[in-house]
Amino acid sequence: MHGKALPYLLLMPATLFLCIFFLYPFALVAFEAVTRDGAFTFDNFRTMAGSWKFPVTVRNTLLLAAIVVPIQLTMALLMASVVSRLETGRSAALYVFAIPLGISDLAAGLIWLAIFDQSGFLNTLLSSLGVVDRPVMFLGYQSKLTIFIAVALAEIWRATAIMMVILVAGMGLIPKEYYEAAEVFGASPWQRFVRITLPLLRPSLQTAIILRVILAFEVFAVVAALGGTNLPVLMGETYNWQFTLQDRNVAAASALLILAISIGFTLFFLRVLRVPKEARI
Amino acid sequence: MAEIAIKGVAKRFGGFTALHQVDLTIADQEFMVLLGASGCGKTTLLRIVAGLERPSQGEVWIGGRRVDHLPPRERGIAMVFQNYAVFPHLSVFENIAFGLRMKKLPQQEVERRVNRTAELMHIEQLLKRYSGQLSGGQRQRVAVARALAMEPDVILMDEPLSNLDALLRLEMRAELKGVLAASKTTTIYVTHDQVEAMSLADRIAVMHQGRIVQSASPVEVYRNPAARFVGSFIGNPPMNFIPATKAENGSWTVAGLTLSGPKSDKPRIEFAIRPEDVDAGGEGLRATVRVIEPLGPHTLVTCDVEGGLFRAILDSNASVQVGDDLRLAPKPDRIRWFDPETTNAL
Amino acid sequence: MSVATETPVAGIADAHKAGDWLLIATAVLLCVWVLLPIYLLIVNALSSPDQVTAFPKRFFPSFDLGSLSFFINFAGVARALWNSVIVATLTMILAIGFGAPAGYALSRFDFPGKGTFRFLVLMTRAFPLPLLALPLAVMFIRTGLDDTAIGLALVHTTLALPFAVLITFSLFSCIPVELEEAAWTLGCTRWQAFRKVILPLALPGIAASAVFAFTISWNEVFAAAVLTIENRTLTAFLLQSLGESPLYLKFAGGAALVVPALIFIFAVRKYLFAMWGIANR
Ligand SMILES: Nc1ncnc2c1ncn2[C@@H]1O[C@H](COP(=O)(O)OP(=O)(O)OP(=O)(O)O)[C@@H](O)[C@H]1O
Ligand SMILES: [Mg+2]
Chain X
-5 MHGKALPYLL LMPATLFLCI FFLYPFALVA FEAVTRDGAF TFDNFRTMAG
45 SWKFPVTVRN TLLLAAIVVP IQLTMALLMA SVVSRLETGR SAALYVFAIP
95 LGISDLAAGL IWLAIFDQSG FLNTLLSSLG VVDRPVMFLG YQSKLTIFIA
145 VALAEIWRAT AIMMVILVAG MGLIPKEYYE AAEVFGASPW QRFVRITLPL
195 LRPSLQTAII LRVILAFEVF AVVAALGGTN LPVLMGETYN WQFTLQDRNV
245 AAASALLILA ISIGFTLFFL RVLRVPKEAR I
Chain Z
7 MAEIAIKGVA KRFGGFTALH QVDLTIADQE FMVLLGASGC GKTTLLRIVA
57 GLERPSQGEV WIGGRRVDHL PPRERGIAMV FQNYAVFPHL SVFENIAFGL
107 RMKKLPQQEV ERRVNRTAEL MHIEQLLKRY SGQLSGGQRQ RVAVARALAM
157 EPDVILMDEP LSNLDALLRL EMRAELKGVL AASKTTTIYV THDQVEAMSL
207 ADRIAVMHQG RIVQSASPVE VYRNPAARFV GSFIGNPPMN FIPATKAENG
257 SWTVAGLTLS GPKSDKPRIE FAIRPEDVDA GGEGLRATVR VIEPLGPHTL
307 VTCDVEGGLF RAILDSNASV QVGDDLRLAP KPDRIRWFDP ETTNAL
Chain B
53 MSVATETPVA GIADAHKAGD WLLIATAVLL CVWVLLPIYL LIVNALSSPD
103 QVTAFPKRFF PSFDLGSLSF FINFAGVARA LWNSVIVATL TMILAIGFGA
153 PAGYALSRFD FPGKGTFRFL VLMTRAFPLP LLALPLAVMF IRTGLDDTAI
203 GLALVHTTLA LPFAVLITFS LFSCIPVELE EAAWTLGCTR WQAFRKVILP
253 LALPGIAASA VFAFTISWNE VFAAAVLTIE NRTLTAFLLQ SLGESPLYLK
303 FAGGAALVVP ALIFIFAVRK YLFAMWGIAN R
């Protein structure tokens, strides 16, 4: 009952597990990235950065994140507002909006492949509307732009749900009285959204953005399904170094780069969207 | 036989001391009420007796057995929680039977006891329902029945009536008193409602900032507060306090009136009187009327005495007006004196 | 007088009505955005192989099981499906087995080190965890865990464990401590009180977080592709065969990934918020 050891006993399995399968491999990646054949070196990073694909890869990954995340944030806010204002069909809408949460990035890639493929639904639609007379090859190797658009759409489609769920949860924590008070003082719905919802939602926005940005750097299977190697991204390159090129150390260096970018952005958003303790609900 | 003895119990939460050196003995079958303002440590003390909290120091004895190292289940207690803690996944019957089943009583005995206590608490017709299908008052009855069914030596109750509406509270109060008296258990009952405390208690322990300031019968606590706090906390409106300066040894000047009081070498002490213990007219305290509130049977008059507020309860037909200068004569046998430094009664 | 007051009231009512319609239209549009792509994938999966590659396409399924039966009978698919189920089940057991005690400890005790543990758990979310499969691949080869279901399940558990901890933490926090204390005063030991009072109340939520853990593993692509060779899971199998396999195989495979996901999300819909609502603070 009063055993001081009980909480530690209960935490022990999870802690040990995270140490072995989270902290330890993390240390290993870091170690492999800066060594080769047991000697300390930066060669792995040089090899990685020296590859002709590297600049394109970084550019694609960052550009994708820069385009996808703001659109997702807007859509997630829209979804969350819609859900919180619906009276009937609220839980149904919530379920539908949350569906992509359970869908893997690979499946999402395949779903959008069904649309963008040469024999896909988009071509059928366009030709029945008379826009095109022959099926267009959207995902061919010379149509980088449409591949990019398809990947962006698939990413937006797939990963808006996670932000939406975080934001809906956050909105649920904002007491109704604030809105009522603002309404009494004559605030329009839009003003209420900007003046009350957004500021009070800051902690949730922070969580949602950080999580989403990290996921954006992890983009991998969607690209694999839609673009193959035509749209190289960081995670895909890491996979290539490990398997196609069989170089563990460079793969580790590449992994470390993704980690570094993720942590960098996490810290950035933690700072930018910081909420002082006194100003929380 | 279950006498409860709390000996030198203290409780610290980190750097904060919730209880300082509490000593209290509760006789077998006594109904003890812990009364005090919010945050004074009533719940903490009760939980220490229950074994839900461990004292930082001191001892707890129940029925001649030292129990402070024992878990709740081995202390022979039952408890009624403020939010009732009726298990939502069990029917009322199973809720009442819960403790009996833990004791592995035969089914027949379980049924007998559940039915008996359910009858006692007038909830026979609810036995098949679940917590979600009960009103607050019914849930409260289930919680009490569940405790009574254990036939415990000691029942502990933490503000069991505070979530009920005023009328129901009145009804349940009377009922609880009857039921608990019949069950012959020792009871510790926590409340911050002084009327509830007065009406239920054999003895009231008044708590203030982690200490027991006075424990005595309700009338004693009301008439002879052991400390200034007790007088100012109990009674509605509370006791009046006026500074008194020494006239000569054993007599004191209070608002223009010289009264005989305790012998003390202090130059100033405090005079105290309950609002209903003054009469208008004659030799009395000089008072200027500020507010008049007719309350039906009496009139509550708020006056200015020596620059401080003074409340008096006067007869309804006393004809006073705002601004009047009054003389308020204290009943000599009801005057109390307090030491302003220790705040204790003199 | 009555006329003068009625007009603005009617005006406001009209504005409300227009607002309602806008709200409903937005909700419907967003639902279509989420559901239509899934529908199109299902149409493909339920069409014959010829129809899948044909042009123009029909927007309704022909309910031809050709694609699906080809998929099921394709070499390795049945095995991959089975592996996916095994790995996901193991992940579920591990994540709940380690996570639920930790969640309980966090919700019921205050103890030195609690903050550190929560930080460790939250930190895992700031990392692209699948990357950690790279160093683990080497470790697994040494320990004989390579290419085994349990090895992959261990990595997937790193992904699922933080969620399991957070969800169970919020579940247990929602059950009043008094219920447990009441059970203690009525003669229960700590374990009995947990089993007779807390467990029955938390069970639906625990089941939901188990399903969530299952879903995470079911959907994971990168680590699965890195860590398995012979014993591929469905996602790893599909990723591997993306280059060579025919379209209808991909779509049938995509549907095989998506349909269980729809069910999973439906099963856990009530608990989607538990994992973020509190984690925000
Ligand atoms: N677990 C705890 N940790 C820290 N401080 C606590 C804890 N429990 C109680 N306290 C503090 O101890 C003091 C006494 O609390 P307690 O709950 O006993 O008050 P109470 O007299 O029952 O008040 P109320 O009438 O409001 O229920 C309070 O100041 C409270 O803040
Ligand atoms: Mg209390």
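Residue numbers (the numbering used here), protein chains in the order written: chain X, -5 to 275; chain Z, 7 to 352; chain B, 53 to 333. All C-beta atoms, glycine included, are put in the ideal place defined by N, C-alpha and C.
Item	Value
Stretch-stretch touch, CB-based, cutoff 8 Å, three pairs: the region 16 to 29 of chain Z with the region 203 to 220 of chain Z	yes
Selected residue, minimal CA-CA separation from threonine 267 of chain B, among B/Val137, B/Ala106 and B/Leu75	B/Val137
Distance, glycine 306 of chain B Cα to proline 193 of chain X Cα	40 Å
Nearest residue (CA-CA) to glycine 267 of chain Z, options Z/Gly313, Z/Val86, Z/Ser257 and Z/Ala155	Z/Ser257
Below-7 Å beta-carbon distance, cysteine 83 of chain B vs any chain X residue	yes
DSSP state of glutamate 212 of chain X mapped onto helix, strand, coil	coil
DSSP three-state assignment for asparagine 246 of chain Z, whether helix, strand or coil	strand
N- and C-terminal bounds of the alpha helix (DSSP H) containing lysine -2 of chain X	No alpha helix (DSSP H) holds lysine -2 of chain X; DSSP gives it neither H nor E.
Proximal residues of chain B, C-beta to C-beta of arginine 79 of chain Z below 8 Å	Trp236, Thr237, Leu238, Gly239, Cys240 and Thr241
Beta-carbon spacing of glycine 42 of chain Z, glycine 239 of chain B below 7 Å	no
C-beta neighbour in chain B for histidine 75 of chain Z, strict 7 Å	no
DSSP-derived helix/strand/coil call for aspartate 310 of chain Z	strand
beta-carbon glycine 128 of chain B near ligand 1 non-hydrogen atom, thresh 6 Å	no
Which of helix, strand or coil DSSP assigns to alanine 207 of chain Z	coil
Isoleucine 124 of chain B at chain X interface by Cβ criterion, 7 Å	no
Beta strand (DSSP E) segments (min. 3 residues) lying fully within the region 153 to 177 of chain Z	160 to 164
Option in Z/Arg179, Z/Lys190 and Z/Thr348 with minimal Cα separation from alanine 203 of chain Z	Z/Arg179
Residues with C-beta closer than 6 Å to any heavy atom of ligand 1, in chain order	Z/Phe19, Z/Phe22, Z/Ala24, Z/Gly42, Z/Ser44, Z/Gly45, Z/Cys46, Z/Gly47, Z/Lys48, Z/Thr49, Z/Thr50 and Z/His198
Chain-ordered chain B contacts of leucine 5 of chain X [CB-CB under 7 Å]	Ala154, Ala157 and Phe169
Beta-carbon separation (whole angstroms), methionine 229 of chain X vs valine 213 of chain X, contact threshold 8 Å	6 Å
Which of helix, strand or coil DSSP assigns to asparagine 350 of chain Z	strand
Where lysine 69 of chain B meets chain X, residues with beta-carbon distance less than 9 Å	Simply none; closest approach about 14 Å.
Range covered by the beta strand (DSSP E) that runs through phenylalanine 19 of chain Z	10 to 19
Alpha-carbon to alpha-carbon, alanine 148 of chain X and leucine 116 of chain X	14 Å
Residue-level contact to chain B via CB, alanine 91 of chain Z, 7 Å cutoff	yes
For valine 190 of chain B, the nearest candidate out of B/Leu279, B/Asn135 and B/Ala106 (CA to CA)	B/Leu279
Reduced DSSP category for alanine 56 of chain Z - H, G, I as helix; E, B as strand; rest coil	helix
Chain-ordered residues of the region 249 to 271 of chain B with a beta carbon less than 7 Å from chain Z	Val249, Pro252 and Leu253
Close beta carbons around valine 95 of chain B, own chain, < 6 Å, minus the five adjacent residues each side	Pro113
C-beta contact flag for valine 227 of chain X and asparagine 38 of chain X at 7 Å	no
Any C-beta of chain X under 7 Å from that of glycine 306 of chain B	yes
Alpha helix (DSSP H) segment containing phenylalanine 16 of chain X, residue limits	Here phenylalanine 16 of chain X belongs to no alpha helix (DSSP H), and DSSP marks it neither H nor E.
Continuous beta strand (DSSP E) stretch holding aspartate 285 of chain Z: start and end	284 to 300
Under 9 Å by beta carbon: chain B residues contacting glutamine 136 of chain X	Within 9 Å Cβ-Cβ: nothing; glutamine 136 of chain X doesn't reach chain B, min ~18 Å.
Distance, alanine 249 of chain X Cα to phenylalanine 179 of chain B Cα	11 Å
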